[in-house]
Every structure is written in structure tokens, then in C-alpha cells.
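Numbering (this note's numbering), first residue to last: 2 to 168.
Glycine is no exception: its CB is placed at the ideal position from the N, C-alpha and C atoms.
Being a predicted model, the structure only gives us computed values, none of them experimental.
First the structure, in the form of C-alpha cells, and then the observations on it.
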Ligand SMILES: CC(C)(COP(=O)(O)OP(=O)(O)OC[C@H]1O[C@@H](n2cnc3c(N)ncnc32)[C@H](O)[C@@H]1OP(=O)(O)O)[C@@H](O)C(=O)NCCC(=O)NCCS
């Protein structure tokens, strides 16, 4: 993914590097996502899915110095021609600015560029904010997995979207 800048939000979007991982793990821990941890992200960055790992950074260096540099991230994987969205999270203080939408659209475009024909994900049934984000990006409900999550036990909703091949 090429670096782009949103002049309104002052956020840049780019591929994740190992220098981002301490903050990525910090955001993961604050977001109550299923835990990957530093080593798992690092290992994923060494493989073929590294172009499907992206971060949103604060572009305003003054603001970045006052807060944290990485505002959010997304991690996906290409498996047998399908794109699987694994984790997406935005720091709570930067939520509601369109960062999650931009990260998701970015990774869907990267997946289409790699000739993925559909994207899939699962989420906690009670995660209405994430469900709204996914629906906004075209995902439709695909099924439900009973008691899929632990700590706390909760059903998973599965969602999918067809992808158009990029030129
Ligand atoms: C889900 C998450 C990534 C959304 O990031 P975000 O940057 O706030 O998302 P956006 O600002 O792009 O909002 C996209 C849409 O999501 C929905 N949304 C976002 N926050 C919401 C909230 N608190 N309640 C309800 N809907 C919400 C809205 O439909 C919004 O679209 P709109 O602004 O046009 O109304 C963020 O809430 C988050 O990090 N949550 C914790 C981690 C998580 O649950 N990840 C998903 C795991 S499957």
C-alpha cells in the first residue's frame, strides 16, 4: 500500500513495519482483541502477508509527540484466494474519525490487488461498533458460531464481502 495522507484527519496510512509493533501490541491489549502478541505479529511480517498489514499514523508531528504515533492498525491474511481479516483496532481517543474505515478499505483494496475474490471475518456477536464498520464497507452476515469466543464466552458472527479484481 502506498502512503497516502488525509488532509482533514492528518493521518497517514502505510504498511506496518517491525518498528510499529510495540504500539500495535499496546493497541491490541487496550482493545480486548484475541491476543497475538509481539512475536506473532513479527513472524507474520516476515511472510507473504506483510502487504496486508497496515497502520494509521498521526501525520501531525506535534500531535504525534504529545500522544502516540500509531493510531490504529489492521492485519489480514490471504488463504487459498480468500482474504481473512484477523485484527483491526483504533486507539480509543482516535475512534470515530474514519480511521477504521480507511484501514479496512485499504486492506480490501490490497487483497483485491492480490486477486482475492472475497473477504471473510468473524467478530463477537455483541461488538456492534465493529459490525457497523464492516457493514459500511459492504460486508454481509454469513453465519453464527455458537460459543466461539472465550473470556467471556460469546457467539461469533461471520461476515463476508465479494471483492472486485483491481485493474
Ligand atoms: C471497530 C473499530 C476498529 C472502528 O474504528 P473507528 O476508527 O472508530 O471506525 P470509523 O470511525 O471508521 O467508523 C466506521 C463506522 O463504524 C461504526 N461505528 C464506529 N464506532 C461506533 C460505535 N462506538 N458505536 C456504533 N457504531 C460505531 C459507524 O457505523 C461508523 O460509520 P459512520 O461514522 O459513517 O457512522 C474501533 O471501534 C475499535 O478499535 N474497536 C476495538 C477493537 C475491535 O473491536 N476490533 C474489531 C474486532 S472484530
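Per DSSP, residue 73 is paired with what?
Note: residue 73 sits in a beta bridge opposite 57, 91.
Please list the terminal residues of the continuous beta strand (DSSP E) segment that includes residue 155.
Note, residue 155: beta strand (DSSP E), 155-163.
Give the range of the beta strand (DSSP E) segment to which residue 34 is assigned.
Note, residue 34: premise wrong, no beta strand (DSSP E); not H, not E.
Run the proximity test for residue 26: is its beta-carbon closer than 7 Å to any non-hydrogen atom belonging to ligand 1?
The answer is no for residue 26.
Would the beta-carbon of residue 1 fall within 8 Å of that of residue 17?
Residue 1 is absent from the model: the chain starts at 2 and stops at 168.
Within the present structure, is the beta-carbon of residue 151 separated from the nearest heavy atom of ligand 1 by less than 7 Å?
Residue 151 Cβ: outside cutoff for every heavy atom of ligand 1.
Examine ligand 1 and report whether any of its heavy atoms sits within less than 7 Å of the Cβ of residue 77.
Checking every heavy atom of ligand 1 against the Cβ of residue 77, none is found closer than 7 Å.
For residue 47, count the other beta carbons within 10 Å of its own beta carbon; 16 or more makes it buried, fewer makes it exposed. Which is it?
Result: exposed.
If distances are taken between C-alpha atoms only, which option among 94, 160, 127 comes closest to residue 1?
Residue coverage of the chain in this structure runs from 2 to 168, which leaves residue 1 outside it and unanswerable.
Can you tell me where the alpha helix (DSSP H) with residue 136 in it begins and where it stops?
That run of the alpha helix (DSSP H) goes 129-137.
Measuring CB to CB, does residue 84 end up less than 8 Å from residue 130?
No, they are not a contact pair.
Just checking residue 98 against ligand 1 - is the residue's beta carbon closer than 7 Å to any of the ligand's heavy atoms?
Residue 98: yes, Cβ under 7 Å from ligand 1.
Pull up the distance between the alpha-carbon of residue 74 and that of residue 45, whole angstroms please.
Their Cα atoms are separated by approximately 14 Å.
On the three-pair Cβ rule with 8 Å, is the region 148-168 touching the region 111-118?
Yes, the region 148-168 is in contact with the region 111-118.
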